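Below: one structure, written as structure tokens.
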Amino acid sequence: MRSRRYAKWVGLASLVAVLVFTGCSQQAQSPNPEAAKQQPGATSSPEPQKGGIIKVAFDSDPSTLDWMSTSSSATKLVAFHMFEQLFSLDEGMMEKPMLAKEFQLSEDRKVYKIVLRDGVKFHDGSTMSADDVVASFNRWGEMSAVGKRLFKSMEEVKAVDPQTVEIAFKEPYAPLIRNLADPTQAMVVIPAKIAESAGTAPLKGEQLIGTGPYRLDSWKRGQRITLKRFDEYTARDEDWGGLSGKKVAYADEVRFDMVPDAQVRIDGVRTGQYDFALRIPQDLYPQLKDSTELTTRVSKPDSWMAVIPDKSEPPFDDIRMRQAIQYALDKEKIAIATYGNFYEMDGSIFFPDQQSLYTKEGTDAYLSYNPEKAKELLKEAGYKGEPVRLIATSSYDDHFKTAQVVASQLQDVGFTIDLQIYEWATLLEKEKNTSNFDLEIQGFSPKYDPTTIPWFYPQFPGKYESTKIMALLDEWSKSTNADEQKKLLGDFNKTMYEELPVIKITNEVGMSVIGAKLDGFGERNNVTFWNTWLKAK
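Residue -13 is where the sequence shown starts when you use the numbering used here, and the numbers rise one by one after that.
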């Protein structure tokens, strides 16, 4: 390859200021002021304690622990502790180097050189090298929708030396670092021999080898996942928070127990059986807020709920049928029935706290409740009452409640709804084949760049193929102009409501509970248990 001149990496924040505009946008007002006033997390004592077992109760058994193969929150909860990325998001959702030491970008903005940290160990005792990164990157390019799109723009990826990887593009590609830091289907680094032998199949058993502060010890399907401290973990020094920076594994083990019943999870935290319980139904907040036995953690809006139509075949390949759903849904009524006061009515793809990405432009059609218009569209589309299969999960309380209200409202305008409820793992299998459903209820966690939005791509359930979205993504990938990026973000919103690949309902404010023994958790966007310890008895 011809020689190039490179701009030295100084700090991720300076690059992001160029690649993603930093102007503030208007913040949406949340209708849950009581939740906003809660101070999430346990208080922190000055002396971290090493040892013991942190016991976590969660509600859904993951189908895999391979973070690269899925965007499932159940997978990420565990995989965060086992695997790491070249770059990760800090607590402010900005990119920071994790397994990378630094990077350089050529003056023509086509070639990235990524220098790796020295001495990083995998759980099998081997040392990470550029060959491992290249093999992992190639696997990610075959498995992730974001990776597949990136590879179409890429010229080559290669190991320059044992500690340096070079990624070259055909044209300037601005969002590479943000893509590498995205936690959706993450570009985690695993040993080359595992990446090459596994191919696109999810990692299993002894293949689940990463570089994280905890390693997999055992997994009893449907019961418990046990992680043990990785004693050879090579931590960074920086206190960046989020999924980046210094990670100290104070606990000897972290155990994740599958406990489907929310009240059992809460009672377990009260009695000390568990130290942390996730996904607590918001209607239980009044009985928990003043408890002296546990701390109620109320998060910022951390997901949004949606209806996903199968757009690949009738009836929802017809835009009029998708529009009928949009007009049929009283979205705030659904939000209240599902979340009580713990919701936020906002029509943007991104969240209000994501100031570099959030805009209300293009969201005028978000609240369009008009049942008579829905009935007219059904008639115009020639719908004659054929059964519509709506699938959802009972593993997540909010998904189940949303599905029930959505089904009722759709029936009110003339849809014939066949509501099918599955456990989470079964739902994930069902959604892989669009012949299994017509509509699906799903939630979406925050995404950090338009190129990482999974439902923009036909690989995602519902099979959305949009030449307009692809053209907007091409413009976004080349742009470094703040005003241009701001307009594009509004165009993404507008296209969502014009083409309705998903029908957004509401932003969710999540809730969990923390036991009296757990310390150091503090305020964090993700549920992670490094830099967290058990109080001395």
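Using N, Cα and C, we set each Cβ at its ideal position, and we do this for glycine too.
If you're wondering where the values come from, they're calculated on a predicted model, not measured in any experiment.
* Assign Lys359 to one of three DSSP states: helix, strand, or coil. => Counting from one through the sequence shown, the residue named residue 359 turns up at place 373. Three-state DSSP puts Lys359 in a helix.
* **Cut-off 6 Å between Cβ atoms - residues of its own chain near Gly9, not counting five sequence neighbours on either side** => As a working mapping, residue 9 is identified with position 23 in the sequence shown. Reliability of the predicted coordinates at Gly9 is poor, the pLDDT of 30 falling under 50, and no value is obtained from them.
* Given a cut-off of 8 Å, decide if Tyr369 and Leu315 are closer than it, judged by their beta-carbon atoms. => Reading the sequence shown from its first residue, position 329 is the one you call residue 315. Reading the sequence shown from its first residue, position 383 is the one you call residue 369. It is not a contact, given that the beta carbons lie outside the stated cut-off.
* Asked: Under a three-way DSSP split, which group does Phe329 fall into?
  -> The residue you call residue 329 lines up with position 343 of the sequence shown. The displayed chain sequence assigns Tyr, not Phe, to residue 329. DSSP places Tyr329 in strand when its eight states are reduced to three.
* Asked: When the Cα of Lys190 is compared with those of Lys454, Glu299 and Ser204, which residue comes out closest?
  -> In the sequence shown, the residue the question calls residue 190 occupies position 204. Looking at the Cα atoms, Ser204 is the closest of the given residues.
* **Residues that DSSP places opposite Phe73 in a beta bridge** => Taking the first residue of the sequence shown as position 1, residue 73 is located at position 87. Answer is Pro83, bridged to Phe73.
* To do: Could you please give the first and the last residue of the uninterrupted beta strand (DSSP E) stretch that includes Gln406?
  => By 1-based counting over the sequence shown, the position of residue 406 is 420. Per DSSP, Gln406 belongs to the beta strand (DSSP E) from Thr402 to Tyr408.
* Relative to the C-alpha of Ile294, which residue among Asp269, Ser498 and Ile489 is closest? -> Taking the sequence shown and counting its residues from 1, the one referred to as residue 294 is at position 308. Of the candidates Asp269, Ser498 and Ile489, the one whose C-alpha sits nearest the C-alpha of Ile294 is Ile489.
* Distance CB(Glu540)-CB(Ser452) smaller than 8 Å -> The requested residue 540 does not occur in the structure, where the chain is confined to residues -13 to 523.
* Cβ atoms of Asp296 and Gly448: under 8 Å apart, would you say? -> On the sequence shown, position 462 is the one that residue 448 refers to. On the sequence shown, position 310 is the one that residue 296 refers to. A contact, by the Cβ cut-off of 8 Å.
* Asked: Is it buried or exposed for Gly198, if we count other Cβ within 10 angstroms and need 16 for buried?
  -> To locate residue 198, count along the sequence shown from 1; it is residue 212. Taking all protein chains in view, the Cβ of Gly198 is crowded by 16 or more other Cβ atoms within 10 Å, so the residue is classified as buried.
* Asked: Do the CB positions of Tyr260 and Ser46 come within less than 8 Å of each other?
  -> Walking along the sequence shown from the start, residue 260 turns up at place 274. Walking along the sequence shown from the start, residue 46 turns up at place 60. Cβ atoms of Tyr260 and Ser46: not closer than 8 Å.
* DSSP state of Asp223, grouped into three classes? -> Within the sequence shown, numbered from 1, the residue matching residue 223 stands at position 237. The DSSP-derived three-state label of Asp223 is coil.
* Pair within 8 Å by beta-carbon distance, Lys36 and Tyr219 -> Here residue 36 corresponds to residue number 50 of the sequence shown, with the count starting at 1. Here residue 219 corresponds to residue number 233 of the sequence shown, with the count starting at 1. In this structure, Tyr219 does not lie closer than 8 Å to Lys36 by Cβ.
* Asked: Mind checking Ser183: buried by the 16 CB within 10 Å criterion, or exposed?
  -> Residue mapping note: residue 183 aligns to position 197 of the sequence shown, counting from 1. So Ser183 ends up on the exposed side.
* Closest by C-alpha distance to Met173, when choosing among Ile252, Ala121, Phe336 and Gln395 -> The count along the sequence shown starts at 1 and reaches residue 173 at position 187. Here the closest residue by C-alpha is Ala121.
* Gln35, DSSP secondary structure in three states -> Translated into positions along the sequence shown, residue 35 becomes position 49. Coil at Gln35, not helix or strand.
* To do: Since I believe Lys503 is in contact with Gly254 (beta carbons under 8 Å), could you give me their beta-carbon distance rounded to a whole number of angstroms?
  => As a first step, residue 254 must be located in the sequence shown, where it is residue number 268. As a first step, residue 503 must be located in the sequence shown, where it is residue number 517. No, Gly254 and Lys503 are not in contact; Cβ-Cβ is about 12 Å, not under 8 Å.
* Asked: Anyone know if the C-beta pair for Ala86 and Phe73 falls short of 8 Å?
  -> For the purposes of this step, residue 86 is taken as residue 100 along the sequence shown, with counting starting at 1. For the purposes of this step, residue 73 is taken as residue 87 along the sequence shown, with counting starting at 1. Yes; because the gap between Cβ atoms is below 8 Å, this pair is in contact.
* Bounding residues of the alpha helix (DSSP H) (the contiguous stretch that carries Pro272) -> Translated into positions along the sequence shown, residue 272 becomes position 286. Here the alpha helix (DSSP H) through Pro272 covers Tyr271 to Leu274.
* Asked: Asp203 lies in the alpha helix (DSSP H); which residues open and close that run?
  -> For the purposes of this step, residue 203 is identified with residue 217 of the sequence shown, where counting begins at 1. From DSSP, Asp203 is part of no alpha helix (DSSP H) but of the beta strand (DSSP E) over Tyr200 to Lys206.
* To do: Take Phe337 and list the residues in its own chain whose beta-carbon comes closer than 7 Å to its own, dropping the five residues that flank it on each side.
  => Numbered from 1 along the sequence shown, position 351 holds the residue referred to as residue 337. Excluding residues within five positions, the ones whose Cβ falls inside 7 Å are Pro287, Tyr344, Pro432 and Asn493.
* Does the pairing of the region 131 to 143 with the region 106 to 117 give three or more beta-carbon distances under 8 Å? -> no
* **Own chain residues within Cβ distance below 8 Å of Val106, not counting five before or after** => Mapped onto the sequence shown, residue 106 falls at position 120. Only Leu85, Thr113, Met114, Thr197 and Thr220 meet the Cβ criterion.
* **Terminal residues of the beta strand (DSSP E) in which Lys99 lies** => Here the question's residue 99 lines up with position 113 in the sequence shown. Residues Val97 to Leu102.
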